[in-house]
Amino acid sequence: MPGLKNRSILRQHTARILRIIREEGPVTRVDLAQHTGFDSATVTKITKALIRKRLIHETALGQSTGGRRPKLLEITTDAYTVIGVNVDQDFISIQSMGLSARPIKTRRIGNPEFRNPDKVLRTTQKAIAQMVEEHANVLGVGVAFPGIVNSETGVCIYNAYFGWHNVPVRSALSAGLSVPVKVENDVRSVALGEQWFGAARSVSNMVCLRSHMGVGAAVVVGGEVLHGAHNMAGELGHTVVAVNGPLCVCGSYGCLEAIASVSSIVRNVKQRLADNYPSMLGELPPERLDYKAICRAAKAGDKLAVRTLDEAAQYLAIAIGNAIDHVDPEMILLCGSAFMEDDYLYHKVLSLEPRRSFAFSSNAVAIERSKLDHCELVGAATLILKDFFSGGGTL
Ligand SMILES: [Zn+2]
19 MPGLKNRSIL RQHTARILRI IREEGPVTRV DLAQHTGFDS ATVTKITKAL
69 IRKRLIHETA LGQSTGGRRP KLLEITTDAY TVIGVNVDQD FISIQSMGLS
119 ARPIKTRRIG NPEFRNPDKV LRTTQKAIAQ MVEEHANVLG VGVAFPGIVN
169 SETGVCIYNA YFGWHNVPVR SALSAGLSVP VKVENDVRSV ALGEQWFGAA
219 RSVSNMVCLR SHMGVGAAVV VGGEVLHGAH NMAGELGHTV VAVNGPLCVC
269 GSYGCLEAIA SVSSIVRNVK QRLADNYPSM LGELPPERLD YKAICRAAKA
319 GDKLAVRTLD EAAQYLAIAI GNAIDHVDPE MILLCGSAFM EDDYLYHKVL
369 SLEPRRSFAF SSNAVAIERS KLDHCELVGA ATLILKDFFS GGGTL
């Protein structure tokens, strides 16, 4: 096959073969030839090179079609390591993983000085360097970062909670490292990780909505995570859902984030308690009045907790209905601590039937919750895996 002399064609063919083994594996060489249309010599050559690189290995025997039973090929998940990092207002989390995102080591460091870029980046860089040193064959480090992030330059353009403007996150974290670092907005990272390893594996069009300290979303169309002209595609958290609603951290009023983020829900409960709204939550010491306690109180029928959470659910349902009409997705994927720490909000949102926002909206839109542990860390690592696999096993 003369085209194979061309390195970039070989890389493309290798990427195709790797993708099939990763998504469909274990598969036989005959399966690979059938899926790709490559001749058997090409398949043999590419798989031999991948076995030599320890990216794939032969496993059990497959079904015979008459002659000898063919050998099955699958990804060697632990031959290489990727590192995922997630920075938020509370913690800097870091996890090493194999090629199938199976966790190896996880660490979490408190992030009390999140407003100080030098401090946060120094602590994160140190943790990354230590993690890289503890593993062999590290391919790279993916970082899921909150706020508006330019993934090309690795710059955090703006983060309202952190008070950061134009902070060069990637260049700070890469200092002294011999492996590549990629930085992406946290929700976009989650969307990518969910496509590779989570609930959205066979989904090409979806909106991933994360309610955590803030509310963010990522839009996937035709299998690609959208960025938009200014890295702000899918900023659902700052769409106004309540005219005359509460002040948002972005300076606007009535944003979804100001009503439906975990920090807003806790703040709104505290405000109502201060206004003498009767509630069992008033008996809790302030340090124990957190999101989980509010969900517990709502399940016990506490009127203040129910009112605040139901209000959040109602506005989330409006935003989800709008997103369904804008994007026409197959799936809305909900994640973040608002949905993952307790199921009250998720079930409330579902009961409001947001998929019926518009008479012609499809009822076929699935509204799911993430099933991944640490979806932010898996998503961050997938930033590296995506480049690695699409490069045919090179970065
Ligand atoms: Zn806002």
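Take the sequence shown: its position 26, counted from the start at 1, is 44 in the numbering used here, and no numbers get skipped. Built from N, CA and C at the ideal position, the CB exists for glycine as well.
Hey, could you find the ends of the beta strand (DSSP E) residue i is sitting in?
i           : result
residue 177 : 173-177
residue 234 : 233-239
residue 202 : 199-203
residue 291 : No beta strand (DSSP E) holds residue 291; the alpha helix (DSSP H) holding it covers 280-292.
residue 371 : From DSSP, residue 371 is part of no beta strand (DSSP E); its letter is neither H nor E.
What is the rounded straight-line gap between the Cα of residue i and the Cα of residue j?
i           : j           : result
residue 384 : residue 350 : 6 Å
residue 127 : residue 112 : 9 Å
residue 69  : residue 53  : 19 Å
residue 57  : residue 63  : 10 Å
residue 310 : residue 220 : 32 Å
residue 267 : residue 129 : 19 Å
residue 206 : residue 162 : 8 Å
residue 319 : residue 364 : 17 Å
residue 255 : residue 274 : 5 Å
residue 358 : residue 312 : 14 Å
residue 291 : residue 324 : 14 Å
residue 208 : residue 121 : 16 Å
residue 407 : residue 413 : 8 Å
residue 149 : residue 228 : 27 Å
residue 401 : residue 392 : 15 Å
Verify whether the separation of the beta carbon atoms of residue i and residue j is less than 8 Å.
i           : j           : result
residue 93  : residue 47  : no
residue 362 : residue 288 : no
residue 104 : residue 167 : no
residue 174 : residue 160 : no
residue 428 : residue 330 : The structure shown has nothing for residue 428, since the chain only spans 19 to 413.
residue 99  : residue 157 : yes
residue 187 : residue 201 : yes
residue 242 : residue 390 : no
residue 258 : residue 277 : no
residue 91  : residue 142 : no
residue 17  : residue 352 : Nothing can be reported for residue 17: it is not among the residues displayed for the chain, which extend from 19 to 413.
residue 411 : residue 137 : no
residue 239 : residue 356 : no
residue 29  : residue 409 : yes
residue 65  : residue 35  : yes
residue 403 : residue 182 : no
Looking at ligand 3, does it come within less than 7 Å of residue i, judged from the CB to the closest heavy atom?
i           : result
residue 276 : By its list of ligands, the structure shown excludes ligand 3, since it contains just ligand 1.
DSSP puts residue i in a beta bridge; with which residues?
i           : result
residue 352 : 227 and 387
residue 72  : Answer is none; residue 72 lacks a bridge partner.
residue 101 : 114 and 159
residue 182 : 177
residue 126 : 111
residue 168 : 173
residue 152 : Its beta-bridge partners do not exist; DSSP assigns none.
residue 79  : 89
residue 271 : 265
residue 121 : 115
Quick one: give me the first and last residue of the alpha helix (DSSP H) that residue i is part of.
i           : result
residue 340 : 321-345
residue 307 : Element bounds for residue 307: n/a, residue is neither H nor E.
residue 47  : 47-54
residue 406 : 393-408
residue 244 : Counting along the chain, residue 244 falls outside any alpha helix (DSSP H), and DSSP gives it neither H nor E.
residue 258 : Per DSSP, residue 258 belongs to no alpha helix (DSSP H) and is neither H nor E.
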